[in-house]
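The structure appears below as structure tokens.
In full-length UniProt numbering, the protein residues as written are 1 to 662.
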């Protein structure tokens, strides 16, 4: 609060006035300004009784959540302006070429750039302090960032030269940058998971598996036992999944490959009013295949390597790096509340098995002081890029919601360790955007990047519209057809009036798709009343207006529908036979409006039961807009801000909004 006012005499007051006038005339130099101390905010009391904004030092959970926030490079303003203009002028190729349905694994032909890699943890010794280890990691990571920024820029410049060479005849979008994780704390999560895990499940989105297993990740895990798991097979379809499995077997021989599904539809009840609800579940066939693949790799780990078999002395003292006796029957039956017991990170490190020569590449070194002992349990790590379904697979294996799963990429911030059975524990690693020469638009389409951080909306829509006919998917009408026809005021003699010309087929652009979608939704800008194309492409909160456009949700925007799988799409592997249709990567399916029901709000309510988790979630709400996306997509009634200037005055009640959707 401001200091109290001190009483002064009339003589002193007059002297101060004369001094101010002298300073104003310039007779006396002005005194040095004094800085007022900053006012401390009290902060208001929240619903839990704690003050909001009153803490001078942030809570440990809040600070940890901010420290684990993914970091990416920003897109330049010049790129945004250029792509916005080109998205309005470049016509989309229609019909979509059949070759677009096949993923081009060699999309960097003619570009000579060094390969990208994942940062490896520098070697360390047991006699090193924590500060020394972290200092080495920070120095190596800083050098790695500078090196890869240079490689990515070199790759982009070479693509730009190719574009300029053919730009006169074939105008195209400028090459975009590629994003990869730039936060050292997030990479440390991957290092710890790979160190404590005997085998790894690498989850790949079956819509485009090779995108999620780039050469950088494959090289990083070359000395690890890996099982490739294809997720979201219900979107891709069994035919595409089998084609991708054959392709991956040829490209990565020796890695078992299985496919999984993570959700099943709940039984309809009167509470849900006919809307579909989903719960974690993995079909028995997929569970058996996954356990069989894990059992196969476990058997390989129990076999001594050739260098040990050739030496009888080493073979006598050899101890397997994994637990020998595993109750595999219990893995088939383990589900429900008796599974998924959480283990803290410190406890997980304490229970870590003895270090061996295989782990030395990850920074650890073997020691004779502590002889190797057989571990108490088998540790399986789940790694992959964001939004591939790691947390969803965990919930499906447990048959209950044990970890938070969301459609927002990067929901998991810290690795989580849980027991599947008493013999097997699972480690869920946060998703990392791996280094790869992949354009930003493809990363957005596959859901790797958070949609709320995407600023190049027209460029992403143009890229997606070149791969599938969005105007057909969304059942849009060309904006020019909604304009009133010009009245012909000329007079004609009888029989001389020319017949009406047949309307020519309009060519679509990316901006026209956004305009048509905004018109169909009734989204307009506040002042000018123009179609709100930015909201149509990407918006965290949308109105609940019922419209004929159906992509599974009345609140869904185009980018979110593509990234979250509301619009089904999938690539064919390289070398596949060209399809005979003109659908591109689009997979037509019947989408019901009830699919818009999201489970994110249920997860938020369940997570709020713990005080520690609620504090961490409040930090995420302050530091990023991803949490707002989940709340906005939960189906709660809101203000119809897109139906006109005064539309915000109409507030829809819960019952009325649900009735209108049904």
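By construction, the Cβ of each residue, glycine as well, lies at the ideal position given by its N, Cα and C atoms.
Residue range of the unbroken alpha helix (DSSP H) whose run includes residue i
i           : result
residue 385 : Note, residue 385: premise wrong, no alpha helix (DSSP H); not H, not E.
residue 319 : Where residue 319 is concerned, there is no enclosing alpha helix (DSSP H), given that its DSSP letter is neither H nor E.
residue 20  : 10-25
residue 99  : Neither: residue 99 is in no alpha helix (DSSP H) and is coded neither H nor E.
residue 332 : 328-333
residue 443 : 440-445
residue 35  : Note, residue 35: premise wrong, no alpha helix (DSSP H); not H, not E.
residue 310 : No alpha helix (DSSP H) contains residue 310, which DSSP labels as neither H nor E.
residue 79  : 77-89
residue 241 : 238-251
Distance, residue j Cα to residue i Cα
i           : j           : result
residue 287 : residue 536 : 39 Å
residue 521 : residue 530 : 13 Å
residue 279 : residue 264 : 6 Å
residue 16  : residue 23  : 11 Å
residue 475 : residue 176 : 29 Å
residue 479 : residue 533 : 12 Å
residue 558 : residue 538 : 7 Å
residue 513 : residue 38  : 50 Å
residue 184 : residue 131 : 15 Å
residue 230 : residue 97  : 27 Å
residue 261 : residue 402 : 17 Å
residue 452 : residue 324 : 46 Å
residue 391 : residue 200 : 15 Å
residue 182 : residue 134 : 16 Å
residue 255 : residue 574 : 19 Å
residue 219 : residue 195 : 16 Å
residue 101 : residue 237 : 14 Å
residue 566 : residue 306 : 50 Å
residue 144 : residue 119 : 7 Å
residue 491 : residue 482 : 26 Å
residue 571 : residue 212 : 13 Å
residue 253 : residue 294 : 16 Å
residue 499 : residue 506 : 20 Å
residue 250 : residue 221 : 18 Å
residue 35  : residue 80  : 41 Å
residue 467 : residue 95  : 10 Å
residue 136 : residue 148 : 18 Å
residue 560 : residue 415 : 26 Å
residue 383 : residue 508 : 40 Å
residue 352 : residue 372 : Unreliable positioning characterises residue 352 in this predicted model, as indicated by a pLDDT of 46, which lies under 50. A coordinate reading is not provided.
residue 315 : residue 300 : 16 Å
residue 374 : residue 138 : 34 Å
Beta strand (DSSP E) segment containing residue i, residue limits
i           : result
residue 289 : Looking at the DSSP string, residue 289 is not in any beta strand (DSSP E); the run it does join, the alpha helix (DSSP H), is 284-301.
Per DSSP, the bridge partner or partners of residue i
i           : result
residue 426 : 380, 418
residue 263 : 280
residue 531 : 524
residue 451 : Its beta-bridge partners do not exist; DSSP assigns none.
residue 567 : Answer is none; residue 567 lacks a bridge partner.
residue 457 : For residue 457, which the question treats as bridged, DSSP gives no partner whatsoever.
residue 257 : 228
residue 572 : 102
Nearest to residue i (by Cα), restricted to the options the options
i           : options            : result
residue 83  : 457, 567, 301      : 457
residue 173 : 328, 179, 396, 156 : 156
residue 240 : 567, 208, 221, 588 : 208
residue 322 : 6, 380, 88         : 380
residue 460 : 510, 425, 484      : 510
residue 93  : 586, 589, 582      : 582
residue 376 : 525, 419, 308      : 419
residue 291 : 161, 214, 426, 190 : 426
residue 285 : 298, 295, 259      : 259
residue 216 : 436, 449, 129, 182 : 436
residue 232 : 579, 519, 97, 446  : 446
residue 152 : 90, 298, 440, 496  : 440
residue 576 : 122, 397, 105, 567 : 105
residue 146 : 158, 117, 416      : 117
residue 69  : 114, 28, 7, 186    : 186
residue 67  : 385, 188, 74       : 188
residue 423 : 584, 384, 334, 89  : 334
residue 204 : 87, 124, 19, 228   : 228
Test: residue i CB closer than 7 Å to a CB of chain D
i           : result
residue 234 : Judged by its chain identifiers, the structure shown contains no chain D, having just a single protein chain.
Next on the checklist: Which complete beta strand (DSSP E) runs does the stretch 156-235 hold, if anything under 3 residues is left out?
Outcome noted: 199-205, 225-231
Next on the checklist: What ranges does the alpha helix (DSSP H) occupy inside the stretch 459-515, keeping only unbroken runs of at least 4 residues that lie completely in it?
Outcome noted: 470-473
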